[in-house]
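Residue numbers (this note's numbering): 307 to 584.
Notes for the one structure printed next.
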């Protein structure tokens with residue numbers, strides 16, 4: 307079965323052709339991103355990737371990495387994937403930066419030798435890859451693919467992990483951006499299909515009735531419980547036509563704000579939101 311992407315270290319390849327293709331990008335650090343780089347390179351430069359169902363490969367992860375990340379796991383991953391985007395994704399790298407705004411301005415080393423390798427191998431464009439290898443992948447509409455924060459006065463919508471919860475819970479907490487950097491827990495993406503999401507989790511309603519809790523759940527294409535629109539200062543749940551609202555739960559000392567949907571009211575301060583997106 308053809309596949310657009312493989313794991314970066316679990317494959318069989320002719321050694322001579324692997325060397326001809328440029329081996330691994332040796333300027334990548336430690337771990338992460340090599341799966342995208344080598345997959346794009348194989349397809350775009352004349353090869354193909356296939357999954358063989360009768361093949362069995364054991365891949366056992368340890369409880370922790372047996373090596374260290376001097377720059378941190380996240381920064382290392384950003385460097386490696388940014389190298390991939392800059393060499394192989396052409397004009398489509400804008401979507402990488404939209405999904406990974408933290409990569410903007412981060413150093414990623416010199417990629418000139420990899421650019422020259424691509425020219426030498428006479429590789430296809432990334433547009434060719436999308437049209438011929440992975441046509442099922444929908445390209446976002448640029449105008450509706452935005453990343454930023456969702457504010458209510460001085461508080462920001464935030465996801466927070468809890469030990470007794472499988473998925474992160476939603477809360478309003480003081481906005482915590484410093485030097486233009488938004489913490490991951492307060493960073494949201496508004497997508498072409500009207501999802502408000504963090505990675506693979508989307509803002510969703512439990513039911514379509516007023517007072518229903520708003521929570522994070524795995525994103526599902528076409529799920530009406532996960533589609534939202536910006537209407538003035540309101541964030542409207544499209545299917546129910548109710549507005550994103552906050553309700554205070556608990557007593558004064560231990561109160562928290564829970565996200566719900568309620569009938570839209572133009573004067574309700576608890577329904578006023580500012581989506582600061584770019």
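Cβ coordinates follow ideal geometry from the N, Cα and C atoms, glycine included.
For residue i, count the other beta carbons within 10 Å of its own beta carbon; 16 or more makes it buried, fewer makes it exposed. Which is it?
i	result
residue 420	buried
residue 533	buried
residue 443	exposed
residue 567	buried
residue 565	buried
residue 439	buried
residue 554	exposed
residue 518	buried
Roughly how many whole angstroms lie between the Cα atoms of residue i and residue j?
i	j	result
residue 344	residue 377	23 Å
residue 434	residue 384	25 Å
residue 464	residue 544	22 Å
residue 522	residue 511	8 Å
residue 550	residue 540	7 Å
residue 391	residue 477	34 Å
residue 426	residue 395	17 Å
residue 330	residue 490	30 Å
residue 497	residue 418	33 Å
residue 580	residue 408	21 Å
residue 413	residue 399	16 Å
residue 368	residue 574	51 Å
residue 616	residue 353	No answer is possible for residue 616: the residues shown for the chain start at 307 and end at 584.
residue 538	residue 514	21 Å
residue 386	residue 338	7 Å
residue 334	residue 347	15 Å
residue 526	residue 495	15 Å
residue 472	residue 322	46 Å
Using alpha carbons as the reference points, say which of the options lies closest to residue i.
i	options	result
residue 415	437, 425, 388	388
residue 423	570, 316, 326	326
residue 462	472, 488, 470, 452	488
residue 363	317, 354, 572	317
residue 365	454, 315, 401	315
residue 583	429, 552, 452	452
residue 552	538, 576, 516	576
residue 524	312, 502, 536, 514	502
residue 499	530, 471, 513	530
residue 474	379, 509, 321	509
residue 536	504, 563, 578, 527	578
residue 504	406, 547, 513	406
residue 393	570, 563, 431	431
residue 349	429, 466, 321	429
residue 516	323, 360, 547	547
residue 542	569, 563, 562	569
Sort out for me which residues DSSP pairs residue i with in a bridge.
i	result
residue 535	542
residue 323	DSSP, once it has assigned bridges, lists no residue as partnering residue 323.
residue 454	494, 583
residue 562	555
residue 568	549
residue 502	496
residue 511	520
Given residue i, which residues of its chain have a CB within under 7 Å of its CB, disregarding the five upstream and five downstream residues?
i	result
residue 449	At residue 449 the pLDDT is 49, less than 50, meaning the model places this residue with poor confidence; the figure from the coordinates comes in the next sentence. Answer for residue 449: no residue qualifies.
residue 479	461, 462, 464
residue 373	336
residue 312	341, 345, 355
residue 375	336, 382
In chain order, what residues of the same chain have a beta carbon less than 8 Å from the beta carbon of residue i, not counting five sequence neighbours either side?
i	result
residue 410	403
residue 481	455, 457, 460, 461, 462, 492
residue 351	327, 424, 427, 428, 429, 430
Can you find the residues in the same chain that come closer than 6 Å, C-beta to C-beta, to residue i, ignoring five residues on each side of it along the sequence?
i	result
residue 310	439, 440
residue 342	390
residue 293	Since the displayed the chain opens at 307 and closes at 584, residue 293 lies outside it and no answer follows.
Would residue i pass as an interface residue toward chain B - the criterion being a Cβ-Cβ separation below 7 Å?
i	result
residue 361	The question asks about chain B, but that chain is absent: this structure has only one protein chain.
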